Amino acid sequence: MLWHLIKKEYRSNLLSLKFIISFALLAVLIIVSVSLHTRLYKEEVSDYQSRIMAHKMSLNFIPNYEMLGFSGMTLDKKPPPLSILAHGLDQGANKISRVGLMTFPRLNVGSGGNPLFYTARTLDYLFIIKIVASLLAILFAYNVVSGEKEGRTLSLTLSNSLPRSTFLLGKYIGGFSSLLTPLVFAFASGLLIINLHPYISFTGGEWMRIGMIFIFTLFYLVFFFALGVLVSVLTSRSVITLFVLLFLWVLFVFAFPYFASLAGRRLSPVSDIAEVEMAVDTANYQANERVERRIAEYFIREGKQPDIDWVYAAVQQGQREANVQVRQIEEEYDRSLSNQVALISKLSLISPAASFSLSATRLAKTDFGFQRGFILQAQRFQDEFIKFLAQIPDKQARVDPAKLPLFSYEGKSLRESLAVTIPHLVVLLLSSGVIIFLSFVLFLRYDVR
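Be aware that the sequence shown starts at 1071, since it is given in our numbering, and climbs by one per residue.
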């Protein structure tokens, strides 16, 4: 009997206008989006390779290691391949960072540190699922019970010995399967486009990340489909069901993430970037004043100008003192910004849309954590770079690019990414489970007349 109900619901949806619209909409949007972002990713990789070549060539114009210390090295961040699916924060964040005696890597997130709204700036797979597919899930679920009651078929169906739980389970499985059909086709078509691209090749780990993103997609859509069934059980008219669901959809997709971000900013404020830059400039200015004062004191004491080695040592000492202050300022800003983002992420657990966005961008390596990891790695590399310069016996020797330390950054492993995203998945599963349970309990008492 259950299998018969599933087939009936699936076939009914398969021949409906909403299925045709869903199939066409998801197929067109995902295929176009993947095609567009595949081309954009290729351009980003070309730009990345050009930057690396340009920065290597620029080293040939630096006369010696002394000047290299002051001019610094430029570090380039490789574009994450899965930005094709979830562009995330990567579009507005640091692509390069400079390290040296007078520079310090700084975190730049491009969107004010808000991890919840940067995903809505581009038509990628994440946006399509978050906005379009969740609406389609509501469209498939809003009339599964109230629509049957309006058509006077619900009482007729349940007048036989058919258990209500079996009827609702058939509606759940058949309805969600009919939503899943166009989604799987569109997703598979998008992956085929990526796989056939001559310049793009994903690793095994990246394919596993794609699989996890799709699993999160399924559970995200289950939430909205279950919500649609629950509201359909609570109402008698499908029009009322649809209006209530649209209101709840706006709350979960837009309102709750906004209020989570607003609360996070209020509860964990971050200094304005202009204030940070002013504090850094002040630290550097005070360091220069100390160097000038030491040179003047040397002239008064010795009656002559100091030689170049003495001046260089004085400048290095002043810059080291400034770097200590600058690092404290930058680390405090980085720490406060990270705390704010972490708080917003925790508050966003109330919104399945925000949880899905954060989880997908973490798996795609386009989230705040990936960007912060790049800057932290650049800061560690700066320490290594300064130690390397200190070990050079002849600071006036010509720079040999082959001897310079190499920078690399890959981000968190899949296991580390999952450790951060699993709490969001658990909350999504629990909330969906509660909604499904409530829908069954309420349907057992539902007035079918």
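We put the beta carbon where it would ideally sit given N, CA and C, even for glycine.
Every value quoted in this text rests on a predicted model; they were computed, and no experiment measured them.
Residue closest to residue i, alpha-carbon to alpha-carbon, out of the options
| i | options | result |
| --- | --- | --- |
| Met1282 | Phe1440, Ala1434, Gln1356 and Ser1225 | Ala1434 |
| Gly1142 | Glu1362, Lys1148, Phe1131 and Lys1241 | Phe1131 |
| Phe1257 | Gly1298, Phe1284 and Thr1352 | Phe1284 |
| Val1490 | Ala1412, Val1202, Gly1334 and Leu1196 | Ala1412 |
| Asp1194 | Arg1279, Phe1477, Ser1427 and Val1511 | Ser1427 |
| Gly1170 | Val1098, Gln1441, Ile1456 and Ala1467 | Ile1456 |
| Leu1300 | Ser1341, Leu1514 and Phe1289 | Leu1514 |
| Tyr1242 | Gln1447, Gly1439, Asp1470 and Leu1072 | Leu1072 |
| Arg1279 | Ser1509, Leu1512, Leu1488 and Leu1499 | Leu1488 |
| Gly1481 | Leu1155, Leu1508, Gln1449 and Arg1432 | Arg1432 |
| Leu1173 | Ile1201, Gly1139 and Leu1253 | This sequence places Thr at residue 1173; Leu is not what is there. The shortest Cα separation from Thr1173 among Ile1201, Gly1139 and Leu1253 belongs to Gly1139. |
| Ala1392 | Gly1221, Val1303 and Thr1352 | Thr1352 |
| Ser1418 | Ser1167, Met1127, Arg1335 and Asp1517 | Arg1335 |
| Arg1363 | Val1346, Glu1347 and Val1381 | Val1381 |
Through-space distance from residue j to residue i, alpha-carbon basis
| i | j | result |
| --- | --- | --- |
| Ser1181 | Leu1159 | Note that Ser1181 has pLDDT 47, beneath the 50 cutoff, so the model's placement of it is unreliable and the number below is only indicative. Each residue's alpha carbon lies about 8 Å from the other. |
| Leu1321 | Asn1083 | 27 Å |
| Leu1145 | Phe1451 | 9 Å |
| Leu1110 | Pro1327 | 28 Å |
| Pro1493 | Leu1205 | 24 Å |
| Ile1445 | Ala1383 | 28 Å |
| Ile1462 | Tyr1135 | 8 Å |
| Val1102 | Thr1108 | 10 Å |
| Arg1390 | Ile1414 | 36 Å |
| Ser1153 | Leu1129 | 31 Å |
| Ser1271 | Lys1112 | 11 Å |
| Thr1305 | Arg1176 | 54 Å |
| His1074 | Ala1330 | 44 Å |
| Phe1293 | Ser1501 | 7 Å |
| Leu1087 | Phe1313 | 20 Å |
| Leu1262 | Leu1209 | 28 Å |
| Val1469 | Val1396 | 27 Å |
| Val1496 | Phe1286 | 11 Å |
| Gln1449 | Ile1199 | 36 Å |
| Pro1252 | Phe1089 | 8 Å |
| Phe1093 | Phe1255 | 8 Å |
| Thr1436 | Ser1105 | 19 Å |
| Thr1189 | Asp1517 | Residue confidence is low: Thr1189 scores 49 on pLDDT, short of 50, so the model does not pin down where it sits. Its coordinate-derived value is still stated next. Their Cα atoms are separated by approximately 42 Å. |
| Gln1356 | Val1115 | 41 Å |
| Lys1219 | Val1504 | 24 Å |
| Asn1230 | Ser1425 | 42 Å |
CB contact below 9 Å: residue i versus chain B
| i | result |
| --- | --- |
| Val1396 | Within the model displayed, chain B is absent; a lone protein chain is all it includes. |
Residue i, DSSP secondary structure in three states
| i | result |
| --- | --- |
| Arg1360 | helix |
| Met1071 | coil |
| Met1282 | helix |
| Arg1515 | coil |
| Leu1171 | coil |
| Ile1166 | strand |
| Leu1413 | helix |
| Thr1287 | helix |
| Gln1461 | coil |
| Leu1240 | Looking at the sequence shown, residue 1240 is not Leu but Gly. In this structure, Gly1240 counts as helix in the three-state DSSP scheme. |
| His1494 | helix |
| Pro1475 | coil |
| Lys1077 | helix |
| Arg1431 | Arg is not the amino acid found at residue 1431; the sequence shown has Thr there. It is helical. |
| Val1254 | helix |
| Gly1183 | The predicted position of Gly1183 is uncertain, since its pLDDT is 48 and thus under 50; a value taken from the coordinates is nonetheless stated next. Note: Gly1183 maps to coil in three-state DSSP. |
| Tyr1403 | helix |
| Gly1481 | coil |
| Pro1422 | helix |
| Thr1192 | coil |
| Thr1311 | helix |
| Tyr1269 | coil |
| Ala1467 | coil |
| Arg1176 | coil |
| Gly1298 | helix |
Any non-hydrogen atom of the ligand SAM within 8 Å of residue i CB
| i | result |
| --- | --- |
| Ser1427 | In terms of ligand content, the structure shown is empty, and the ligand SAM therefore cannot be addressed. |
Item checked: Those runs of the alpha helix (DSSP H) which lie wholly inside the segment 1318-1353 and span at least 4 residues -> 1326-1337
Check: Does the pairing of the segment 1078-1095 with the segment 1233-1252 give three or more beta-carbon distances under 8 Å?
Finding: yes
Note to self: Contact between the segment 1397-1407 and the segment 1304-1317 is defined here as three or more beta-carbon pairs at a separation below 8 Å; is this criterion met?
What the structure shows: no
Margin query: Three Cβ pairs or more, each shorter than 8 Å: is that satisfied between the segment 1226-1238 and the segment 1339-1353?
Written below: Because the criterion of three Cβ pairs below 8 Å is not met, the segment 1226-1238 and the segment 1339-1353 do not touch.
Next item on the list: Run through the segment 1081-1162 for me and flag every whole beta strand (DSSP E) of 3 or more residues, listed as ranges in chain order.
Entry: Taking 3 residues as the shortest admissible run, the segment 1081-1162 contains the following complete beta strand (DSSP E) segments, listed from N- to C-terminal end: 1143-1146.
Next item on the list: Evaluate contact between the segment 1290-1305 and the segment 1358-1378, counting only Cβ atoms and requiring at least three cross-stretch pairs below 8 Å.
Entry: no
Notebook entry, point to check: When the Cβ atoms of the segment 1118-1128 are set against those of the segment 1212-1225, are three or more pairs found closer than 8 Å?
Noted result: no
Next item on the list: Go through the segment 1195-1246 residue by residue and report every complete run of the alpha helix (DSSP H) that reaches 4 residues or more, in order.
Entry: 1204-1211, 1216-1220 and 1224-1228
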